[in-house]
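Trainee:
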Amino acid sequence: MRIRVSRTGGFAGIERHAEVDTSGLPDAREWEDLAKQALADGGPARPRGVPDGFSYEITVDGRTVYAADPRLTPEQRKLISRVLKEGA
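Numbers given in my numbering equal positions in the sequence shown, counted from 1, plus 327.
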């Protein structure tokens, strides 16, 4: 499973992108479960966020959903953090 996260917005407006391929990872099942939940909780269009907040585009195997601070679900927040931290 390929998981890609793009973060835009924030005070400085700096974009950040990262991607993780779960193939062969020992914790692939955990990644995949988080990704499925994040997709289920995301919306088909960019939501209106708060001033200087972050907006996210989450793409899993070609399917994209959108989310924004401060209304991220715990699963979305965890997935976004992990992808941005551990992804390339």
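Glycine included, each C-beta is placed from N, C-alpha and C at the ideal position.
1. Just curious, the alpha helix (DSSP H) that S408 is in, first and last residue?
2. Please list, in chain order, all residues of the same chain as A345 whose beta carbon is under 7 Å from its beta carbon, the five residues on each side excluded.
3. Cutting at 7 Å between CB atoms, please list the residues of its own chain near E359, excluding the five before and the five after it.
4. Roughly how many angstroms separate the alpha carbons of E342 and K405, rounded to a whole number?
Mentor: Let me lay it out:
1. 401 to 413
2. Contacts found: V332, V410, L411, G414, A415.
3. M328, T349
4. So the alpha carbons of these two residues sit roughly 19 Å apart.
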